[in-house]
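Chains as they are written, first to last, in the working numbering: chain F, 1 to 82; chain H, 83 to 427. We put the CB at the ideal spot given by N, CA and C, even for glycine. In this text the structure is predicted, and so the values were computed from the model without any measurement.
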Amino acid sequence: MRAHVFHFIVLFAIILGGGFVFWYAQGMRELQIATGIITVLGYVIWGIVHHAIQGDLHRKVVVEYVLLGSIAIILLFTVLGV
Amino acid sequence: MRGVEFSLPGMGDFLRHLFTPHHTNNHRARALHLDALLFYALALVFFNLFLGWFQKARPDVLGYATDIHLEQLLIATNAKRQEAGLSILGLNASLSQAAAKKAEDMFAKDYWAHTSPSGATPWEFVTAAGYQYAVAGENLAKNFSTSQAVIDAWIASPSHRDNLLKSNYKDIGFAIVNGVLNGEETTLVVQMFGSQSGQTLAAGGPVAVKPVEAAGLPNVVSTPEAPARKESSPTRESLPQAQEPSVVISDSALTAVSSNEKQAPYNVLTQKFMESINRPVVDITSLKKGALGAMIVFFCALFILDAWIVTRRRITRVAGHSLAHTMFFGILFFILIRSLGGSIL
């Protein structure tokens with residue numbers, strides 16, 4: 001349970017850190033895009049590592065994180081008008 | 083009755099199958115299956131492509147709605163100053179000209195900053211426009227849809243608010259310009275403040291103050307005690323007296339400056355720099371906000387419902403972590419919706 005909480009704290013830090021840099025980079029589109037992609041990659045890697053540690057990593061799980069990450073990037077591009 | 087069991091499921095069963103973990107969908111809402119996620123991703127791509135194509139084809143139907151006027155900005159700024167017990171500012175031709183040239187320079191060199199990539203500070207535009215400042219300041223805004231939204235954003239930011247409500251200023255200038263910045267269609271608002279050498283300051287007398295730009299601040303008027311950064315603190319001696327801006331505004335852009343600015347303050351700029359009015363049938367920002375908001379709320383609601391049911395029924399399955407997905411899309415929602423608004427500098 002403690003490990004589980006720690007994992008979520010790490011995820012929270014990844015997303016919040018990415019969000020902060022994204023917000024700070026207002027007006028610098030390239031930096032915002034890079035930040036968004038790195039944050040999404042962080043989220044996908046977190047998912048893979050988390051499930052690997054939990055012992056329930058499956059190809060379906062990896063595809064799920066990748067698809068949700070892709071949706072997040074497309075949403076980001078929609079906002080930035082890419 | 084046996085035939086009922088093999089008939090099409092009712093609406094309740096269908097919705098349960100679609101939105102909740104159930105044995106009919108392998109304990110994962112059908113709307114969250116991998117093929118459904120792929121469908122959302124592709125649908126979003128087509129939505130983006132359609133928006134881009136339609137906006138270009140019919141900008142009168144789908145575009146960025148703006149309604150920003152110089153006069154409204156001036157009135158709103160002075161109203162805020164009066165509320166704070168300060169004197170109102172007079173519209174100054176030279177400051178408006180400096181603001182217009184600064185905006186043109188930002189579009190020409192494609193930057194969103196107080197200092198240009200070539201190192202030109204706001205103060206250089208001010209002096210180039212013929213305004214011999216004792217104190218000067220600059221606020222920037224982009225992608226707001228109304229004049230009031232611009233002023234509200236500046237007032238909500240402590241550093242911009244300080245600038246807007248500085249008692250040392252006597253004059254103000256504005257430019258509202260449309261263009262493409264960082265590949266994005268943008269409405270830029272430049273607000274320049276100043277007080278000329280010899281003008282009586284509210285504090286009770288002329289103050290020898292030199293403007294400097296400090297890191298992270300939209301502009302700072304340094305007090306004698308404030309440390310000035312070497313690379314961006316023009317001294318009175320080093321001020322360029324007749325430096326031309328790197329981008330010259332066409333003759334049609336600026337009309338002749340009136341000899342008596344107070345009598346004809348609005349004759350300073352042409353319509354190009356005085357307002358931005360665009361009223362498409364559908365505002366693209368609102369459309370994006372609505373679509374993105376609906377999609378993310380839809381995801382979060384499904385993931386929360388999924389996590390709740392799976393925990394309650396103690397279902398063991400192979401799937402991603404719904405709480406992690408909720409956290410991810412929840413934070414994404416706030417970041418993206420916030421990014422769709424205007425920004426200030």
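8 Å contact criterion, which residue 49 of chain F and residue 66 of chain F should meet: CB distance rounded: As a first step, residue 49 of chain F is located in the first sequence; it is residue number 49 there, counting from the start. As a first step, residue 66 of chain F is located in the first sequence; it is residue number 66 there, counting from the start. Between residue 66 of chain F and residue 49 of chain F the Cβ distance is about 14 Å, and since that is not below 8 Å, they are no contact.
Are the C-beta of residue 246 of chain H and some C-beta of chain F separated by less than 8 Å? Locating residue 246 of chain H in the second sequence gives position 164, where the first residue counts as 1. Output row for residue 246 of chain H: interface = no.
If you drop the 5 nearest sequence neighbours on each side, which residues of the same chain put their C-beta closer than 6 Å to that of residue 154 of chain H? Counting from one through the second sequence, the residue named residue 154 of chain H turns up at place 72. Same-chain partners within the cutoff: 229.
Going by CA-CA distance only, name the one from F/78, F/61, F/79 that's closest to residue 403 of chain H. By one-based count along the second sequence, residue 403 of chain H stands at place 321. Checking every option, the nearest Cα to that of residue 403 of chain H belongs to F/61.
Hey, could you find the ends of the beta strand (DSSP E) residue 151 of chain H is sitting in? In the second sequence, the residue the question calls residue 151 of chain H occupies position 69. 148–151 is the span of the beta strand (DSSP E), which, as asked, contains residue 151 of chain H.
Closest to residue 14 of chain F by C-alpha separation, out of F/4, F/28, F/40, F/32, would be which residue? Taking the first residue of the first sequence as position 1, residue 14 of chain F is located at position 14. Taking only the C-alpha atoms, the option nearest residue 14 of chain F is F/40.
What residue does the beta strand (DSSP E) around residue 256 of chain H start on, and which one ends it? Your numbering for residue 256 of chain H matches position 174 in the second sequence. Counting along the chain, the beta strand (DSSP E) containing residue 256 of chain H begins and ends at 253–263.
Starting from residue 266 of chain H, find everything on chain F with Cβ-Cβ shorter than 8 Å and list it in chain order. Residue mapping note: residue 266 of chain H aligns to position 184 of the second sequence, counting from 1. Near residue 266 of chain H (Cβ distances below 8 Å), the residues of chain F are 29, 80, 81.
If I follow the unbroken beta strand (DSSP E) through residue 219 of chain H, where does it start and stop? By 1-based counting over the second sequence, the position of residue 219 of chain H is 137. For residue 219 of chain H, the enclosing beta strand (DSSP E) has its first and last residue at 215–224.
Confirm, please, whether the CB-CB distance from residue 261 of chain H to residue 274 of chain H is below 8 Å. As a position in the second sequence, residue 274 of chain H is number 192, starting the count at 1. As a position in the second sequence, residue 261 of chain H is number 179, starting the count at 1. Their beta carbons are not under 8 Å apart, which means residue 274 of chain H does not touch residue 261 of chain H by this criterion.
Which word fits residue 6 of chain F, buried or exposed, when buried means at least 16 other C-beta atoms lie within 10 angstroms of its C-beta? As a first step, residue 6 of chain F is located in the first sequence; it is residue number 6 there, counting from the start. Residue 6 of chain F comes out exposed.
Across the stretch 142–156 of chain H and the stretch 94–113 of chain H, are there enough close Cβ pairs to call them in contact, namely three or more that are closer than 8 Å? no
DSSP on residue 93 of chain H, reduced to helix/strand/coil? As a working note, residue 93 of chain H is residue 11 in the second sequence. DSSP places residue 93 of chain H in helix when its eight states are reduced to three.
Taking 8 Å as the threshold, find out whether the stretch 367–387 of chain H comes into contact with the stretch 68–81 of chain F through three or more Cβ pairs. yes
Hey, quick one: how far does the beta strand (DSSP E) through residue 423 of chain H stretch, first residue to last? Start at 1 with the first residue of the second sequence, and residue 423 of chain H comes out as number 341. Note, residue 423 of chain H: premise wrong, no beta strand (DSSP E); not H, not E.
Decide if residue 187 of chain H is buried, meaning its Cβ has at least 16 other Cβ atoms within 10 Å, or exposed. Sequence index remark: in the second sequence, residue 187 of chain H carries index 105 (1-based). Under this definition residue 187 of chain H is a buried residue.
Through-space distance from residue 358 of chain H to residue 150 of chain H, alpha-carbon basis: Locating residue 150 of chain H in the second sequence gives position 68, where the first residue counts as 1. Locating residue 358 of chain H in the second sequence gives position 276, where the first residue counts as 1. Straight-line Cα distance between these residues: approximately 5 Å.
Output, in chain order, the set of chain F residues within a Cβ distance shorter than 8 Å of residue 417 of chain H. Counted from its first residue, the second sequence places residue 417 of chain H at position 335. Under the 8 Å cutoff, chain F gives 19, 22, 23.
C-beta neighbour in chain H for residue 71 of chain F, strict 8 Å: Residue numbering aside, residue 71 of chain F sits at position 71 when the first sequence is read from its first letter. By this cut-off, residue 71 of chain F is an interface position.
Simplified DSSP assignment, three categories, for residue 408 of chain H: Residue mapping note: residue 408 of chain H aligns to position 326 of the second sequence, counting from 1. In the displayed model, residue 408 of chain H falls within a helix according to three-state DSSP.
Outcome for residue 219 of chain H when other beta-carbon atoms lying within 10 angstroms are tallied against a minimum of 16: For the purposes of this step, residue 219 of chain H is identified with residue 137 of the second sequence, where counting begins at 1. By the 10 Å Cβ count, residue 219 of chain H comes out buried.
Run the CB neighbour count on residue 355 of chain H, radius 10 Å, all protein chains shown included, and call it buried at 16 or more, exposed below. Locating residue 355 of chain H in the second sequence gives position 273, where the first residue counts as 1. Classification of residue 355 of chain H: buried, given that the 10 Å Cβ count is 16 or more.
Roughly how many whole angstroms lie between the Cα atoms of residue 231 of chain H and residue 423 of chain H? Position 149 of the second sequence, counted from the start, is the residue given in the question as residue 231 of chain H. Position 341 of the second sequence, counted from the start, is the residue given in the question as residue 423 of chain H. If you take the alpha carbons of residue 231 of chain H and residue 423 of chain H, they lie about 10 Å apart.
For residue 276 of chain H, which residues does DSSP report across the bridge? As a working note, residue 276 of chain H is residue 194 in the second sequence. Looking at the DSSP assignment, residue 276 of chain H forms a beta bridge with H/218, H/253.
Nearest by alpha-carbon distance to residue 52 of chain F: which of H/416, H/401, H/415 is it? Counting from one through the first sequence, the residue named residue 52 of chain F turns up at place 52. The shortest C-alpha separation from residue 52 of chain F is found at H/401.
What span of residues does the alpha helix (DSSP H) with residue 24 of chain F cover, start to end? On the first sequence, position 24 is the one that residue 24 of chain F refers to. That run of the alpha helix (DSSP H) goes 2–24.
Any beta strand (DSSP E) of 3 or more consecutive residues that is wholly inside the stretch 121–171 of chain H: 148–151
Given 8 Å, three or more beta-carbon pairs between the stretch 157–166 of chain H and the stretch 107–115 of chain H: With the cut-off at 8 Å, the stretch 157–166 of chain H and the stretch 107–115 of chain H do not touch.
Hey, does residue 61 of chain F have any beta-carbon neighbour from chain H nearer than 8 Å? The residue labelled residue 61 of chain F in the question sits at position 61 within the first sequence. So, interface residue.
Cβ of residue 94 of chain H less than 8 Å from any chain F Cβ? What you label residue 94 of chain H is simply residue 12 of the second sequence in a count that begins at 1. False, the Cβ-Cβ gap to chain F never drops below 8 Å.
Exposed or buried, residue 58 of chain F, counting other C-beta atoms within 10 Å across all chains shown (16 or more means buried)? Translated into positions along the first sequence, residue 58 of chain F becomes position 58. Looking at its Cβ environment, which holds fewer than 16 other Cβ atoms inside 10 Å, residue 58 of chain F is exposed.
Might you give, ordered along the chain, the residues of its own chain that have their beta carbon closer than 7 Å to the beta carbon of residue 239 of chain H, omitting 5 neighbours on each side? By one-based count along the second sequence, residue 239 of chain H stands at place 157. Around residue 239 of chain H: 426.
Closest by CA to residue 26 of chain F, which one among H/241, H/264, H/171? One-based indexing of the first sequence puts residue 26 of chain F at position 26. Out of H/241, H/264, H/171, H/264 has the C-alpha closest to the C-alpha of residue 26 of chain F.
Any C-beta of chain F under 8 Å from that of residue 116 of chain H: On the second sequence, residue 116 of chain H is found 34 positions in, with the first residue counted as 1. So, interface residue.
Would the beta-carbon of residue 103 of chain H fall within 8 Å of that of residue 392 of chain H? On the second sequence, position 21 is the one that residue 103 of chain H refers to. On the second sequence, position 310 is the one that residue 392 of chain H refers to. Yes, these two residues count as a Cβ contact at 8 Å.
Roughly how many angstroms lie between the CA atoms of residue 372 of chain H and residue 24 of chain F, to the nearest whole one? The residue labelled residue 372 of chain H in the question sits at position 290 within the second sequence. The residue labelled residue 24 of chain F in the question sits at position 24 within the first sequence. Roughly 24 Å between the two C-alpha positions.
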